[in-house]
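Undergrad: Below you will find the structure I want to go over with you.
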Amino acid sequence: MNLHVEVAGKGEPLVMLHGWGMHGGLWNETAAQLAQQYEVHCVDLPGHGASAPVVKFALDSVVEQLSAQFDQPIIVCGWSLGGLIALHWAKSEPEMLKRLILVASTPCFAERNDWPFGMTNQTLQQFADDLEKNYTTTLKRFLVLQVRGSENERELLADLHERLYSRGEPDIDALRGGLAILRDADLRSILPTIMQPALVVGGGQDKLCPPEALKLMTKLLPNAREVEIRGAAHLPFLSHREEFVEHVLRFLCEIPA
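Okay, structure coming up:
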């Protein structure tokens, strides 16, 4: 099954993966800037945006669909849930992914006994329960968590509300599956095996992926460096777009294909 992908620019292919409950349109302004130097592919993940609904939304099945969409080596930029997908893809098909940009994402979103940097199980379970009652309200609650602490928090939240359903409503099975990934996935063990050059970008005020988690992930990745954008929360590419694009372009220029 083909995914909905919007393409802009020419050059080396750069694939953008969004987070839970959103769609590729979240990258529009960022993609327009990157498209001045790269061929940017903004993907609607299965069951999101204009992509068709899915029977099962899981890491293996999503990566399989993504792989079928591209027939040459690519750079992948994944935000939040999209970062987890990018890591799994890099492990599954290392010859396909040349470089990684991981944005406000960690290998483990849920708190563990040896990982105090995730969301509590109680919080994630509450999201899962609320999703079954009213997924629209649940999505909007998640948006609030994403902007909390960011500069221009109110304006950023209004922007997200406007974008949320601009490509239609996400499929409920995709939402369930994505939330299950955030709750259950723990990719810390694969990090030392991911040899691609990686840029880890996070917000200094991020409540979902705190800077401490990104620093530890950067240490575990063999060929990674970390950038912290002060004043940003979980959406540095929206709240601090110019700074974000500058860091991405610098990384891509310094690490040739």
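So for the sequence shown, the numbering used here puts the first residue at -3; every next one is plus one.
Backbone N, C-alpha and C define an ideal beta-carbon position, used for all residues, glycine too.
Given the structure is predicted, the values throughout are model-derived calculations rather than measurements.
1) Among residues of its own chain, excluding the 5 on either side of Phe123, which ones have a beta-carbon nearer than 8 Å to its beta-carbon?
2) List the DSSP bridge partners of Met115.
3) Does the distance from the C-beta atom of Pro69 to that of Leu93 stay below 9 Å?
4) Within its chain, find whatever has a CB closer than 7 Å to the CB of His19; leave out the 5 residues flanking it on each side and keep chain order.
5) Within the region 25 to 107, note down every full alpha helix (DSSP H) run reaching 4 residues or more, in order along the chain.
6) Look at Leu13 and Trp75 and say whether their C-beta atoms are less than 9 Å apart.
7) Could you tell me whether the Cβ atoms of Met115 and Glu107 are closer together than 9 Å?
8) Spell out a yes or no on whether the region 238 to 245 and the region 149 to 160 are touching, meaning 3 or more CB-CB pairs, one atom from each, closer than 8 Å.
9) Counting along the chain, where does the beta strand (DSSP E) carrying Gly198 start and finish?
10) Would Glu25 pass as a contact of Ala4 if the rule is Cβ separation under 9 Å?
11) From Ala64, Gly17, Val51 and Leu98, pick the residue whose C-alpha is nearest to that of Glu224; which is it?
12) Cα-Cα, which of Ala64, Ala228 and Pro193 is closest to Cys249?
13) Rounded to whole angstroms, what's the CA-CA distance from Glu8 to Ala220? Just pull it up for me.
14) If you check the beta carbons only, do Ser146 and Leu231 fall under 9 Å apart?
15) Can you give the Cα-Cα distance for Pro207 and Ala228, rounded to whole angstroms?
16) Where does Arg246 sit, in a helix, a strand or coil, going by DSSP?
17) Give a yes or no on whether the C-beta atoms belonging to Asp167 and Pro42 are separated by under 9 Å.
18) For Glu8, list the residues DSSP reports as bridge partners.
19) Beta strand (DSSP E) containing Ile190: first to last residue?
20) Which stretch, first to last residue, makes up the beta strand (DSSP E) that contains Glu222?
21) Using 9 Å as the threshold, is the C-beta distance between Leu80 and Leu187 below it?
22) Rounded to the nearest angstrom, what separates Ile71 and Pro90 at their Cα positions?
TA: In short:
1) In the sequence shown, the residue the question calls residue 123 occupies position 127. Residues of the same chain with a CB within less than 8 Å of the CB of Phe123, apart from the 5 flanking positions on each side, are Thr134, Arg137, Phe138 and Leu175 in chain order.
2) Sequence index remark: in the sequence shown, residue 115 carries index 119 (1-based). Beta-bridge pairing links Met115 to Ala106.
3) Residue 69 sits at position 73 when you count from the first residue of the sequence shown. Residue 93 sits at position 97 when you count from the first residue of the sequence shown. Taking 9 Å as the cut-off, the Cβ atoms of Pro69 and Leu93 count as close.
4) As a working note, residue 19 is residue 23 in the sequence shown. Cβ neighbours of His19 beyond the five flanking positions: Asp40, His44, Gly45 and Arg163.
5) Entirely contained in the region 25 to 107, the alpha helix (DSSP H) runs reaching 4 residues are, in chain order, 55 to 65 and 77 to 88.
6) As a working mapping, residue 13 is identified with position 17 in the sequence shown. As a working mapping, residue 75 is identified with position 79 in the sequence shown. Their beta carbons are under 9 Å apart, which means Leu13 touches Trp75 by this criterion.
7) Position 119 of the sequence shown holds residue 115. Position 111 of the sequence shown holds residue 107. Taking 9 Å as the Cβ cut-off, Met115 and Glu107 qualify as a contacting pair.
8) Cβ pair count under 8 Å is below three, so no.
9) If you number the sequence shown from 1, residue 198 lands on position 202. Its beta strand (DSSP E) spans residues Ala194 to Gly199.
10) Along the sequence shown, read from residue 1 onward, the residue named residue 25 stands at position 29. Along the sequence shown, read from residue 1 onward, the residue named residue 4 stands at position 8. No.
11) Residue 224 sits at position 228 when you count from the first residue of the sequence shown. Minimum Cα-Cα distance from Glu224 among the listed residues Ala64, Gly17, Val51 and Leu98 corresponds to Leu98.
12) The residue you call residue 249 lines up with position 253 of the sequence shown. Taking only the C-alpha atoms, the option nearest Cys249 is Pro193.
13) Working through the sequence shown from its first residue, we reach residue 8 at position 12. Working through the sequence shown from its first residue, we reach residue 220 at position 224. Spanning the alpha carbons of Glu8 and Ala220 requires a straight line of approximately 20 Å.
14) Along the sequence shown, one-based indexing puts residue 146 at 150. Along the sequence shown, one-based indexing puts residue 231 at 235. A Cβ-Cβ contact shorter than 9 Å links Ser146 with Leu231.
15) Counting from 1 along the sequence shown, the entry for residue 207 is found at position 211. Counting from 1 along the sequence shown, the entry for residue 228 is found at position 232. Taking the straight line joining both Cα atoms gives about 11 Å.
16) On the sequence shown, residue 246 is found 250 positions in, with the first residue counted as 1. Judged by DSSP in its simplified three-state form, Arg246 adopts helix.
17) By 1-based counting over the sequence shown, the position of residue 167 is 171. By 1-based counting over the sequence shown, the position of residue 42 is 46. Contact flag set, yes.
18) For the purposes of this step, residue 8 is identified with residue 12 of the sequence shown, where counting begins at 1. Here Glu8 is not bridged, per DSSP, to any residue.
19) Counting from 1 along the sequence shown, the entry for residue 190 is found at position 194. No beta strand (DSSP E) contains Ile190, which DSSP labels as neither H nor E.
20) Position 226 of the sequence shown, counted from the first residue, corresponds to residue 222. First-last of the beta strand (DSSP E) with Glu222: Ala220 to Ile225.
21) Locating residue 80 in the sequence shown gives position 84, where the first residue counts as 1. Locating residue 187 in the sequence shown gives position 191, where the first residue counts as 1. When the beta-carbon positions are compared, Leu80 and Leu187 stay at least 9 Å from each other.
22) Along the sequence shown, read from residue 1 onward, the residue named residue 71 stands at position 75. Along the sequence shown, read from residue 1 onward, the residue named residue 90 stands at position 94. Going by the C-alpha atoms only, they are around 11 Å apart.
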